[in-house]
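Its first residue numbered 2, the sequence shown is counted upward by one per residue in my numbering.
Ideal Cβ placement from N, Cα and C applies to all residues, glycine included.
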Amino acid sequence: MNILKCFFLISPLFSIHSVSGQVTEKLIAQKDSLSLLKVDLQQKIVQISNEIKSIDERLSIIDFEKIKDNPIISEVAFKVSIYKLPSSNSEVIIAIPAKKKFEILGYSSGYFKVNYNGEIGYLNEIYIKSNSQINTLKNSNFDTEHYLKSKSTPSKSKGYYKDKTIYTGPRGGKYYINKNGNKTYIKN
């Protein structure tokens, strides 16, 4: 009985090959068509993923610009050390006494970049009380350290760029943020 059941289950597979070359050609054509469709869809997935990443980065930049215009001021509950690099193994630059205020400049790998009395260094995130601005900075999808290396200078040009803030990137390129929140580069 088991052999008979197996024969009935397998027999349709044999009949495909025994019919004619037309069925095989149709199956090959379907396979080729589906393979092309699969490749096309995979390319679209990559393209859409890249567009989503770009949108997320633009949203993060917009959020960060809001923070950059209104610096985050915080304080610590007890004396803490500021490090030269974002690591507790790094050299201690200065200690912030309890209840003293400092400015948060950026975030990198579990450490906030801070400015205390003109001394800029890194403070472990565990010492900073979270709020919406700090969470926005911490959860941003781009490298705030790289972004902070660019400098903002008021435009001295006339014409179209007169009322826009012109930024200089870390490699010297000039750009401004357009009304959509995107960087628009300026030809030199």
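Taking residue i as the reference, give the member of the options with the closest Cα.
i    : options                : result
I127 : Y112, N136, N140, G119 : Y112
K101 : Y108, I129, N90, S89   : I129
I89  : S110, D33, A99, N132   : The sequence shown places Ser at residue 89, not Ile. Cα-wise, what sits closest to S89 is S110.
I167 : K180, G182, I187, N181 : I187
Under a three-way DSSP split, which group does residue i fall into?
i    : result
N90  : coil
K45  : helix
A78  : coil
A30  : helix
S131 : coil
N51  : helix
I187 : coil
S36  : helix
N181 : coil
S156 : Any reading at S156 must be qualified, since the residue scores a pLDDT of 42, below 50, and its modelled position is unreliable; the value itself is stated next. Of the three classes helix, strand and coil, the one that applies to S156 here is coil, per DSSP.
Is residue i near residue j, with beta carbons less than 9 Å apart?
i    : j    : result
K80  : I97  : yes
I178 : L138 : no
R59  : N181 : yes
Report buried or exposed for residue i, applying the criterion of at least 16 other Cβ atoms within 10 angstroms of its Cβ.
i    : result
G22  : exposed
G107 : buried
L47  : Rather than Leu, the amino acid found at residue 47 in this sequence is Val. So V47 ends up on the exposed side.
S75  : buried
I29  : exposed
Y117 : buried
V77  : buried
I73  : buried
Inset, instruction - Flag this pair as touching only if the stretch 76-94 and the stretch 115-124 have three or more C-beta atom pairs under 8 Å; answer yes or no. - result: yes
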